[in-house]
Amino acid sequence: MPVTRSTDSEFEQDRAAEVARSLRRWFTRAAVTGVIVSLLIHATGLLGAAFWRIGGWRSGGPGEGASQVGSAIDMAVVSEGELTTLQESAIALQTPSVPDATSGDIQNAEIVDTAPGGGEGEGMGELGELGPLAGGGDVTGAGDGTGGGGGGGGANFFGLEARGNRFAYIVDVSGSMGGKRIETLRRELGNSIKGLLENSQFVVVQFDDNASIVGERQTWTDGTVSGKRTAEAMINTLNPGGGTNPLPAVEIVFKLRPRPDAIYFMTDGEFPAGTLEEITRLNKTLRIPIHTICFGSQAGQDAMRKIAQVSRGKYTFVPEPP
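Just so you know, we're using the numbering used here here: the sequence shown kicks off at -12 and counts up by one.
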């Protein structure tokens, strides 16, 4: 009997040790499995986040995935300075190229941004605050409305820059515009139109005693190569003669559809009483920026300044060409 108890005790001890070893192996395997699962989950999450940040997979043939992901990650991980440089380069590429006025005749031109807020097309000012007007009495406020559009394009005429995609040129061809003045006008007008983007549109309206759209098209001309070639031919037909009455030309421009984003208005003299008030009335709700140019003479300077100021445009005086 004592021998039997000893044998049973040893058997129970061996069995308990075996159970303990089995439990240790199970816990070890469970721990290893948990670590592996955790690593897989974290790795999947990191990969998903990386692909989400860089825009996901890109289509491509076999063997291209790794190189594409590497390239995307290389592009995504840049310094703040490099990102700023890239953004500035992109903006420079998108900015339209508008030629500067190169004529020696306008190097001494005085350019005045008459908009109180410094912007174009932001709203009409109150004419009542401007005091007595040339050729007429006081004019009431211009009221509310929306201005000519912005757009991504631009133009430059006699050194005045304008924004938008549709530009109307109202130009004086009265008798006093003979000689060097008409030659300078043709050159500056040609340079301005050549500098327009292809998706821009333009129209040229001439005035003396009467007014008419220059060229056969009685509407907008596209800024394409063909359109610019047509403009070059029609600009050469500008010839001086007659008096100075810009109102019919302004009325033609305001009736155009779609409406212009900006208007250039050039004259070398005074115009009849009431013209300023009527231009302001016509532009009361349209609020199109009107950029005014006194060319060779400052006789109409007061009225031209006020037209620009009320419409949030710019004014300049261009001296007599040598």
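A virtual CB, placed ideally from N, CA and C, is assigned to each residue, including glycine.
Nearest candidate by alpha-carbon position, reference residue i, set the options
i	options	result
Pro259	Ser161, Pro233, Val237	Pro233
Glu170	Glu307, Thr20, Leu10, Ser9	Glu307
Pro247	Gly229, Val297, His278	His278
Ala198	Ala220, Pro227, Phe14	Pro227
Val201	Leu27, Val190, Asp209, Gly210	Val190
Gly141	Glu185, Ala7, Val19	Glu185
Ala155	Lys242, Thr231, Asp195	Lys242
Asp195	Pro235, Leu34, Arg168	Pro235
Lys271	Arg12, Tyr302, Val297	Val297
Phe252	Ser213, Lys301, Thr224	Lys301
Gly229	Glu257, Gly162, Arg292, Gly182	Gly162
Asp255	Gln288, Pro276, Ile266, Ser25	Gln288
Ile180	Gln285, Glu5, Asn143, Met291	Asn143
Reduced DSSP category for residue i - H, G, I as helix; E, B as strand; rest coil
i	result
Glu257	coil
Ile277	strand
Thr20	helix
Thr267	helix
Arg150	strand
Leu208	Note that residue 208 corresponds to Thr in the displayed sequence, not to Leu. Reduced to three states, the DSSP call for Thr208 is strand.
Ala295	helix
Gln285	coil
Arg216	helix
For residue i: DSSP bridge partner residues
i	result
Asp159	Phe194
Ser179	Paired residues: none, contrary to the question.
Phe144	Leu147
Ser199	Gln193
Phe14	In the DSSP output, where bridge partners are listed per residue, Phe14 has none listed.
Ile28	Per DSSP, none; premise fails for Ile28.
Ile325	Not covered by the structure: residue 325. The range shown for the chain is -12 to 309.
Supposed close pair residue i, residue j - CB separation, criterion 8 Å
i	j	result
Leu176	Ile222	5 Å
Thr208	Gln188	6 Å
Gly151	Ala249	5 Å
Leu266	Val240	Residue identity check: residue 266 is Ile in the sequence provided, not Leu. Incorrect: roughly 10 Å between the Cβ atoms, too far for contact.
heavy atom of the ligand HEM below 6 Å from residue i C-beta
i	result
Arg299	Questions concerning the ligand HEM fall outside what the structure shown contains, since it holds no ligand whatsoever.
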